[in-house]
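If you read the protein sequences in the order shown, they are chains A, B, C, D, E, F and G. Once you know that position 58 of the first sequence is 58 in the UniProt record's numbering, the rest is easy, because the numbers rise by one and skip nothing. Once you know that position 32 of the second sequence is 32 in the UniProt record's numbering, the rest is easy, because the numbers rise by one and skip nothing. Once you know that position 78 of the third sequence is 78 in the UniProt record's numbering, the rest is easy, because the numbers rise by one and skip nothing. Once you know that position 6 of the fourth sequence is 6 in the UniProt record's numbering, the rest is easy, because the numbers rise by one and skip nothing. Once you know that position 12 of the fifth sequence is 12 in the UniProt record's numbering, the rest is easy, because the numbers rise by one and skip nothing. Once you know that position 10 of the sixth sequence is 10 in the UniProt record's numbering, the rest is easy, because the numbers rise by one and skip nothing. Once you know that position 258 of the seventh sequence is 258 in the UniProt record's numbering, the rest is easy, because the numbers rise by one and skip nothing. We treat Cβ as the ideally placed atom computed from N, Cα and C, and that holds for glycine.
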Amino acid sequence: MKTIIFKTASSYLLPLLLLFAIFILLRGHYLPGGGFVGGLIAAIAFVIHSFANGIEKTRGIIKFHPGFLMPIGLALALIAAIAPLFTGGALMTGLWFENPVPVIGMVGSALFFDIGVFLVVVGVTLTIIFTISETI
Amino acid sequence: MTEISIAILSTLGAVFIFLAAVGVVRMPDLYLRISVTTKAATLGIGLILIAAAFYFNDLSITSRVLAIILFMLLTAPVGAHMLGRASYFTGVKMWKNSEYDDLKGKYHPKTHVLSSEEEPDDVKKKV
Amino acid sequence: MELLLVIIIGLLYAAGIYMMLRRSLVKLIIGLILLGNGANLLIFLLGRIVKGKPPIIDDASYVLAEIYADPVPQALILTAIVISFGLQAFAIILIKRAYKVVKTDDLDEMNATDEDL
Amino acid sequence: MSLYEYLYYIILPLLAISILIIFVRFLKGPTLSDRVVSLDLIITTGIGIIAIYSIHTNQPTFLDIAMILALIAFLGTVAFSYYLEKREKND
Amino acid sequence: MIKTKLLSNMLLAIIWVSLTGNFSAEGFVFGFLLSYILLWLISTSRRDDKYFTRGPKIIAFFFFFIYELVKANLQVAYDVMTPRYYMKPGIIRIPLTAKTDLEITLLANLITLTPGTLSLDVSDDKKVLYVHAMYVSDKEAFIHSIKNGFERKLLEILR
Amino acid sequence: MLLSVLSGFLLAACLPVIGKQIKGNLSILLSALPVILFIYFLSFIPGVANGETYHFTYNWVPQLGINFDFHLDGLSLLFTLLITGIGSLVFIYTSAYLKGHVYLDRFYGYLAMFMSSMLGLVLSDNIITLFIFWELTSISSFFLIGFNNDSEASRKSSLLALGITGFGGLFLLAGMILLGYVTGSYSIVELMGQTELIHNHPYFVLILFLVFMGAFTKSAQFPFHFWLPGAMKAPTPVSTYLHSATMVKAGIYLLARFTPVLGNHEYWNTTLIIIGGVTMLYAAIHAVFRLDLKGILAYSTISALGVLVFLIGLGTDDALLAASVFILVHALYKATLFLVTGIIDHETGTRDVSQLSGLNKVMLPVGIAAILAAISNAGIPPSFGFLGKDLIYEATLHYGDWAIVLTVAAVLTNICLLFAGFLAGIKPFLGKLPQKYEKLHLPSPLMYVPPMILAGLGIVFGVLPMIIDSPLIKPVAAAILNTSPDFHLALWHGWSVVLLLSTITIGGGLGLYFILKPSEGLLAKATRFEPISPMSIILRCTRIFESTAKGVTNVLQNGYLRYYVISILTFLSVLLAYKIFKGIDLYVNFGKLTEITLYEAIVLAIMAVSIVFTVFTRSRLVAVAAMGIIGYSICLIFLFYSAPDLAMTQFSIDTLTVILFVLVLYNLPKYLKLSDTGSRVRDGMLALIFGGLISLLTLEVLNEPLEREISAYYAENAYTLAKGKNVVNVILVDFRGADTMVEIIVLSIAAIGVFSLLKLRLKSIEKE
Amino acid sequence: MSNPYIILPIISQLFTAILLMFFWTQKNTQKAISVIMSLVTLGISVWLLTIVLKNGIHVTQAGSWEAPFGITFIADPLSSLMVLLTSLAGLAVSIFSVGSVRNARVRFGYFPIFHFLLMGLNGAFLTGDIFNLYVWFEIIIISSFVLITLGGEKAQIEGSIKYVTMNLLASAIFLTAIAILYGLVGSLNMADLSIKVANLENRGLVNVTAILFFVGFGIKSAVFPLHFWLPASYHTPPPAISAIFGGLLTKVGVYALLRVFTLIFVPDEFMINLISWVAGLTILTGCIGALIQNNIRKVFSYLIVGHIGYMIAGLGMFTEAALIGTVFYLIHDIIVKTNLFMVSGLIFKIKGTFSMRNLGGLYKEYPKLSLLMAIPIFSLVGIPPLSGFWAKLFWVESGFAIENFMLVAFIIAGSFLTLFVMAKLWAEVFWKDGDKLPKKINVKYFWELKPLKRTAMVFPIVFLSLISLYIGLGADHVIQLSTIIGKQLMDTTPYIEAVLGPINESQP
Ligand code: NA
Ligand code: NA
């Protein structure tokens with residue numbers, strides 16, 4: 001859409017929303033939120049940007065096909081899930097670092113898992129919306 | 001003291017929202033409805049959110065409330081603009097008592113280019 | 001409150017079914033979505049509803065002490081919602097593709113595969 | 001009447017009634033744009049309800065939902081506008 | 001350029017800190033790093049942003065604006081609640097002094113948020129703003145009030 | 001022994017590989033297998049003659065007690081000798097008959113497979129193994145009948161044959177299983193010891209019925225006989241081997257085998273006498289009117305099979321002895337006649353008996369074989385056939401009150417059979433040789449020697465019955481009777497009623513032969529009754545069945561999705577309603593319900609209206625938007641009832657769904673076709689009933705107390721063990737993290753699906 | 001016995017799928033990865049079944065949360081067997097895909113989705129949690145949706161709409177059933193449910209819930225009158241996809257029915273009658289439908305329905321022997337149906353059509369291939385002693401034992417119809433003179449393919465044919481295995497104790 005107003009607003013919204021998305025992701029273990037909603041917000045940020053500036057521009061920002069985020073996220077989640085297997089533990093057994101990390105709190109495999117979820121959700125949402133917008 | 005300010009803020013907020021609600025029903029055309037609701041609702045929500053900030057009296061919550069308000073102030077008018085513009089394109093009519101329509105004929109129907117030309121006075125006429 | 005919710009759930013199921021029985025592919029998908037919503041609410045209600053006590057442990061404590069809402073149905077619904085989203089997204093795109101190749105939204109014209117080819 | 005009762009028995013119903021009124025516009029239309037306006041306003045009002053409810057239940061976490069509502073309401077409006085323009089173009 | 005980036009970065013870090021409510025040094029450092037990465041991720045070489053340099057001024061303008069918003073609402077409220085319509089709506093063409101995208105956008109948004117006005121669109125050559133207004137008793141006076149009111153004040157702050 | 005049974009399969013399995021090499025003159029080498037087997041089985045004669053039986057056990061599926069338990073007694077020995085003996089001759093004959101045929105290797109493969117199956121059938125003591133071999137004979141027969149598969153008639157006949165025999169086979173299977181269930185054993189030898197138990201068991205009639213169905217279909221008894229004439233589409237060696245000498249006798253074998261188990265019971269005897277009697281008469285009369293040599297032989301074979309069933313049905317010692325003899329008699333002369341027919345067909349190119357005469361002049365050895373066989377068939381002394389016929393009359397004459405009726409039936413049958421035999425065996429060879437056949441010459445000895453051997457045996461056994469009397473026939477009768485009978489075969493029994501009957505038969509048959517001249521007109525007269533023949537009736541039933549099948553399938557599988565949905569929901573609703581109203585004590589515990597508040601009621605009211613609006617609005621977009629409102633209302637409900645995570649997710653997903661819809665809908669055409677009021681009312685009723693049932697069910701479940709063991713555990717341990725305070729999220733990423741893992745995979749797949757659905761365009765070469 | 005590695009069949013498929021996504025555009029790499037990893041998974045599955053048979057049931061609790069609090073994965077003989085069968089069929093179809101799936105489809109995610117589907121199947125078999133089962137079902141559904149529509153041809157779309165609708169409806173019903181079950185007992189672990197449901201006093205509600213599960217799984221396994229989607233859709237996608245659908249997908253429904261109706265809801269008399277009637281009518285509709293079809297894939301599709309009826313009949317008789325029969329048939333059916341759909345693909349490649357009217361002469365032109373194809377065709381019929389035969393012994397005997405003659409009659413009738421249908425198919429496709437039949441343009445015929453591709457299409461058929469020969473001729477081993485499983489289906493105590501630990505005496 002060719003509107004200066006929207007275009008301008010969207011370029012400021014993008015970093016803000018991404019920040020918010022990561023915020024939601026990281027605090028999910030303590031308060032409502034988490035990888036899924038966080039990922040959705042991040043995706044929405046890009047979608048809004050693409051509505052305003054066209055998909056090509058948004059693609060330029062992401063630098064690769066968003067679908068590629070899916071295997072990356074899946075791989076991350078998978079690694080987090082099966083890491084315990086290498087030490088003889090059951091699938092998805094929580095592995096935790098000894099001490100809490102500042103800001104984030106306790107860091108463990110669950111966090112990496114959630115980040116995997118986050119990436120997958122971003123990849124999925126963007127793939128779907130971009131594909132359909134392109135073929136309209 | 002806090003309680004009273006919360007009560008006042010939330011009442012005002014609710015009333016503004018109520019006004020917006022009545023407005024959206026009562027206003028005779030789409031543009032007026034957009035016009036009414038954007039501000040009434042934004043203001044009303046802002047007030048209620050501030051009431052909440054007062055209530056919790058916590059820095060992180062206050063800052064979050066401010067972030068929401070900021071965000072709404074940023075997006076509400078943009079949304080209104082987009083919807084208004086798109087509606088005009090699709091030929092949503094203005095209220096019969098409307099006085100001017102400077103936008104008439106300025107959109108190129110195919111390319112959606114909006115020109116800035118001022119039309120001759122004889123063309124400019126009441127709707 | 002449960003009574004009202006029960007009625008709404010029944011209504012959602014009924015509406016979902018009714019929409020599935022229309023001839024329009026779009027309505028069919030809407031029907032399926034309504035049905036999904038009904039099922040989600042059903043899980044929610046049957047996990048027994050509790051007002052205003054989200055299952056979040058507050059800053060000071062280590063366990064959920066007082067009466068809290070059952071977190072299990074919530075987790076189930078979350079999963080179900082997300083999964084249905086994936087399925088719905090696909091189904092919605094299917095509408096588009098179907099329109100492209102069959103040139104209609106009318107389900108009655110999509111029955112060639114039941115004929116003997 | 002305590003603040004809680006006030007919020008619960010006056011403000012919350014007032015907001016709910018507002019939604020009901022807006023919903024009338026949604027039902028009446030007549031154009032899709034009107035419905036989008038009312039949808040947007042319903043969500044906005046929803047944010048108000050959430051804020052009041054978070055006070056009532058003393059759960060500040062609900063405010064985050066408000067944030068997401070605001071964000072997504074915007075997305076919805078944008079998408080509908082996008083749709084309206086696209087559709088017009090294809091006619 | 002570097003300065004602009006740094007400032008945006010700082011601002012985002014501050015927003016992060018207020019979002020999380022964690023006003024400690026670590027929180028800030030983390031927010032700073034995070035926004036640094038984000039800015040790096042979303043940056044394109046063509047960008048030339050001045051938004052973040054104007055941060056504080058914008059916040060000041062924000063409070064001025066709240067006042068206008070309340071005023072606007074009261075006026076509309078009256079019209080909504082009373083049975084008769086007092087309005088004379090119309091779409092008005094307003095020539096712009098504002099030049100940059102940011103100026104135009106802010107102006108348009110502010111106009112939308114003020115009494116009975118709604119920015120419908122900006123012409124593609126950025127010379128004209130089309131505004132839908134509820135009360136246009138006198139067209140020239142209306143254009144003048146916009147240009148002298150919001151636009152001037154805004155440009156003062158921005159430039 | 002296992003090897004001897006399975007060797008045919010091995011040979012068949014090797015043939016596709018080595019087939020190319022043996023197609024030429026080497027094919028006769030394959031005959032070595034049946035010859036060796038024949039000799040091998042001959043070696044059992046002395047032992048069997050002494051009343052010994054041999055038992056061989058090879059484990060196969062001991063779990064079920066299904067093993068290769070081979071039991072060799074007189075009965076099985078007779079059959080193995082027939083199978084391998086006639087088999088040897090047929091193998092030899094084939095090497096000349098189908099010389100140079102492209103698919104000769106296949107043919108031998110099927111033949112070998114058949115031979116093995118047949119051997120397995122007659123040797124098995126285990127009734128399940130017996131059934132397995134039984135089915136294998138049907139399958140081999142299917143392939144052999146359809147050997148000339150370019151011809152549609154061949155394909156049809158083979159399907160028909162397989163249809164009938166397969167159909168019966170399944171009954172037999174059920175019967176065998178039932179026998180096993182009743183007695184706890186699958187061994188025939190053991191079953192013989194439990195006759196009393198079986199006879200008195202409530203399932204006895206059922207068992208009889210099932211076994212009979214198997215035997216009758218296989219042995220082409222009325223009314224299942226009609227597949228056999230069709231089976232004559234097969235090359236002549238097949239007709240010889242399968243459809244006269246061996247396979248069709250499997251049913252006879254089965255009945256004989258089960259006589260000690262199931263026989264000696266009123267139902268057994270009556271049924272067999274009636275079915276056998278009807279078959280022998282019906283088919284014999286039919287044989288008279290045929291023109292096609294093979295047709296004549298087919299019907300006379302059916303008739304002969306009827307005679308055998310009839311005899312087994314009589315069940316007396318005499319009758320069973322007669323049956324034992326007649327099996328051999330028939331095998332010898334009928335195989336000869338078939339082989340001869342094959343030669344005639346091969347040389348003259350026709351099988352129309354009205355066109356054939358005087359062939360003796362060009363192929364005398366063949367004629368001799370044929371005439372000898374016809375004599376044996378006619379029961380003219382001193383042939384072996386005479387001996388057989390005498391025994392039959394002996395049996396009928398001594399069958400109490402019904403003796404006269406039965407004897408008359410037997411005589412009539414034999415007259416017709418005699419006629420048929422003369423028609424096939426004598427008519428072509430005597431008389432004037434048509435000019436067109438003058439240049440014919442004798443075929444390869446490989447073709448005419450086998451029938452000569454068989455026909456010769458038919459006379460030798462008649463003259464010297466002692467050769468086979470105690471070594472072969474006696475043990476057969478012993479096996480059928482399960483006792484040791486005392487008798488001797490002899491050509492001459494002195495002047496008796498039996499001799500009179502024989503004379504009448506021969507006289508009648510000869511008379512008929514000279515009066516009736518086979519012609520088209522005669523055939524046409526006979527075929528007038530075709531529409532009421534069992535074949536027509538059964539085929540008509542099949543057609544009705546098929547069109548019903550088509551109708552039912554088309555009605556069920558009508559292509560309209562909504563009817564599929566309706567059928568599912570009706571099914572579910574009926575079951576639910578039945579179970580809810582019948583099994584549940586309906587009540588509502590109001591004390592447990594929470595209060596109703598105004599704002600929630602408003603939200604729910606809005607939701608209800610939106611639902612109705614979604615359903616009834618005419619615009620798809622408005623429906624989608626209304627669906628959005630439904631979603632937002634649900635979001636608020638989640639919020640009110642302590643589910644912030646859910647509210648967030650529901651809200652975001654709902655909006656995304658609406659957006660997707662919007663993006664997809666923009667180019668869809670207006671939907672105009674509205675369904676009629678009737679169907680809308682019907683759908684509405686169904687929907688409301690279903691929704692109502694779900695509501696009712698929900699209310700009832702709400703009355704029950706809910707155990708909270710699991711959520712209590714989560715509440716306890718979410719922070720202490722899983723280090724998270726948002727219990728829902730802890731469940732999602734930890735307690736039930738596997739769900740979430742799967743969930744994101746679902747999303748990824750959906751995204752890939754969307755991507756390929758919209759982007760993938762097949763090039764025309766890639767479309768399939 | 002606790003063993004965290006029992007989930008390896010799932011993990012290895014997931015790993016494969018993710019790996020394939022990284023090689024999105026490299027079709028040859030994808031093919032190689034798919035085949036190699038299918039082999040690896042097969043190895044893992046063999047190992048799994050071996051240890052389960054040797055040491056008893058193996059369990060792992062995801063997240064190390066003791067049952068019933070976490071999600072239990074459990075490898076009992078039945079689930080390990082299903083995993084093994086999935087891996088066998090998976091390997092065959094993977095190789096077959098190398099030869100038969102078009103590059104365009106490979107470039108749009110065929111192989112990743114295929115492995116996701118296999119992962120979903122393995123997950124469904126190995127999980128011990130009812131909601132987790134739902135989730136795996138969704139994986140199966142979504143990946144099958146994508147596969148069935150991959151290419152987006154008209155027939156595919158039309159078929160898939162029915163497929164999608166019915167599966168989503170089934171999911172909704174399944175989810176409803178889970179909701180009610182949770183609302184009644186507050187648990188999701190199947191072993192735990194087994195105990196808790198048995199202890200529930202309100203049997204009426206339990207029965208209603210059972211109905212919901214029955215219908216939900218019934219749709220998925222395509223029983224009458226819930227099956228209509230199957231004949232409408234299974235013949236539409238490319239043959240490799242049909243093969244995996246025909247072989248495995250409906251059997252997941254059967255598996256779920258077996259699991260739920262032995263472990264959680266032990267059928268009462270009403271349920272037994274219901275299942276029996278449904279089974280009988282399923283056999284009849286399926287086989288009758290097959291009788292009148294001309295498209296060979298539709299013939300096979302209808303036969304899937306009919307033969308699902310057999311397996312359900314085994315459940316309906318609810319005796320140990322009948323269940324043994326069902327398990328045996330399950331083994332046979334997965335292998336043979338997968339094979340048959342591959343055979344149909346091969347026939348299509350050779351002749352360019354699926355229609356019997358236009359097919360013919362195969363026996364003349366490709367005698368050895370025809371004989372090869374005869375193996376699955378006649379195995380399906382159950383010509384003794386081929387693999388389809390043995391299960392019928394168990395069912396017929398059970399039917400007589402419990403005096404359910406109706407089911408015996410249906411099974412016999414079904415066998416006869418199958419025999420006739422397949423013989424007709426043989427006569428039409430292989431025997432009929434094929435010289436005069438029309439040739440299609442724009443189709444790349446079998447003989448034009450590269451030798452590697454031809455091998456890739458023929459080898460898996462050989463592979464599965466050998467397996468079905470083994471099932472038939474070496475029936476003893478398979479029966480031993482089925483007997484172990486059938487026993488455990490009737491006596492669920494080992495299953496429950498493996499998950500929850502020894503049950504104390506106070507619980508009934
Ligand atoms: Na979360
Ligand atoms: Na989830």
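Candidates the options, of which the one nearest residue i by Cα
i	options	result
Ile161 (chain G)	C:Leu12, C:Leu32, C:Leu11, C:Glu2	C:Leu32
Tyr253 (chain F)	F:Leu320, F:Ile392, F:Gly691, F:Asp401	F:Leu320
Leu118 (chain E)	E:Leu107, E:Ala133, E:Ile104, E:Thr105	E:Ala133
Gly379 (chain F)	F:Arg351, F:Thr483, F:Val340, F:Ala420	F:Ala420
Under 7 Å by beta carbon: chain E residues contacting residue i
i	result
Thr125 (chain A)	Those within 7 Å of Thr125 (chain A) in chain E number zero; the least Cβ separation is about 17 Å.
Residue span of the beta strand (DSSP E) that contains residue i, given as start and end
i	result
Gln61 (chain G)	58-61
residue 224 (chain E)	With chain E running from 1 to 159 in the structure shown, residue 224 (chain E) is simply not present.
Phe73 (chain G)	72-75
Terminal residues of the alpha helix (DSSP H) in which residue i lies
i	result
Asn67 (chain F)	Asn67 (chain F) -> not in any alpha helix (DSSP H); beta strand (DSSP E) instead, spanning 66-72.
Trp277 (chain G)	269-291
Chain G residues whose Cβ lies nearer than 9 Å to that of residue i
i	result
Ala215 (chain F)	The premise fails here: Ala215 (chain F) is roughly 17 Å from chain G at the closest Cβ pair, so nothing lies under 9 Å.
Chain-ordered neighbours of residue i on chain E, where CB pairs are closer than 8 Å
i	result
Thr3 (chain A)	Asp121, Val122
Listed by chain order, chain D residues near residue i by CB distance under 8 Å
i	result
Phe51 (chain A)	Val78, Ala79, Tyr82
Within chain A, partners of residue i - CB distance below 9 Å
i	result
Ile19 (chain D)	Here the premise fails: no neighbours, minimum Cβ distance about 23 Å.
By the 8 Å beta-carbon criterion, what residues does the segment 73-85 of chain D contribute toward chain A? So the close ones are Phe74, Leu75, Val78, Ala79, Ser81, Tyr82, Glu85.
Any residues in the segment 26-42 of chain A with a beta carbon nearer than 7 Å to a beta carbon of chain C? Which ones, in chain order? Residues Leu31, Phe36.
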